[in-house]
Amino acid sequence: MVLMTREDFLQKVQEGCKDFRGILLSDAILVGLDLRLTNFSRAQLSNVDLLGANLTCVVFREAKLTRVNLRSAHLFRANFVKATCSQVDFSCANLHGAFLQGANLAGVEMPAAHLAHADLRDANLARANLQGANLTGADLERANLSHANLKETILTGVDLDRTSLRSGRKKQPHAL
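So for the sequence shown, the working numbering puts the first residue at -2; every next one is plus one.
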């Protein structure tokens, strides 16, 4: 792990650096920053504010995000495979086509998030707030949605047969 200050991080971004694998970044306000195609694999981000940031095709593979604000961020086709997210706010974020296989998203905030065609296979979304989120065509095979808030969530074209919805029970066909 390489510890970076906000100033060091911004300097590297200005120099055109896109590779931040394994960094440790905390207490940074990076609102609205353009970080397209940046690699944060195995990085640890804590208390980072990325409100409205452009994170298109960013890689957070196996990263650990704690208290990160991704509200209204552009995360089109972002890669969160096997990432761990704790106290992360994805409210109103665009995660269209994002890769979230095996991600631990337990308890995250995702109200009104756009997750159409996202790959959420094996993701843990237990207790996640998905109220009003759009999951049209998302792949939720073997995802854990136990005790998740699905009020007003759009699930058009989603097969919930192999998805855990409550207390380890499997969703029965046509029950929703």
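Every residue, glycine too, gets a C-beta built ideally from N, C-alpha and C.
The model shown is predicted, which means the values in this text are computed figures rather than measured ones.
For residue i, does the three-state DSSP call read helix, strand or coil?
i, result
"L62", "strand"
"F96", "strand"
"E106", "strand"
"D24", "strand"
"V10", "helix"
Rounded to the nearest angstrom, what separates residue i and residue j at their Cα positions?
i, j, result
"C82", "N51", "19 Å"
"G129", "A70", "17 Å"
"V85", "L62", "7 Å"
"M1", "L7", "10 Å"
"V45", "L67", "9 Å"
"V105", "D31", "23 Å"
"N131", "K9", "35 Å"
"R33", "I26", "17 Å"
"R3", "R18", "16 Å"
"A120", "K148", "19 Å"
"T35", "T53", "9 Å"
"R139", "A75", "20 Å"
Name the DSSP bridge partner or partners of residue i?
i, result
"V155", "Note: V155 sits in no beta bridge, so no partner."
"D31", "N51"
Here's the rule I'm using: 16 or more other beta-carbon atoms within 10 Å means buried, otherwise exposed. How should residue i be labelled?
i, result
"L157", "buried"
"T153", "exposed"
"D116", "buried"
"I20", "buried"
"V56", "buried"
"R118", "buried"
Excluding five sequence neighbours on each side, which residues of the same chain lie with their C-beta closer than 8 Å to the C-beta of residue i?
i, result
"G134", "A113, H114, T153, G154, V155"
"R39", "R18, G19, R58, E59, A60"
Output needed for residue i: all residues of its chain with C-beta closer than 7 Å, excluding positions within five of it in sequence on either side, in chain order.
i, result
"F87", "L67, V105, E106, M107, A110"
"S43", "S23, T63, R64"
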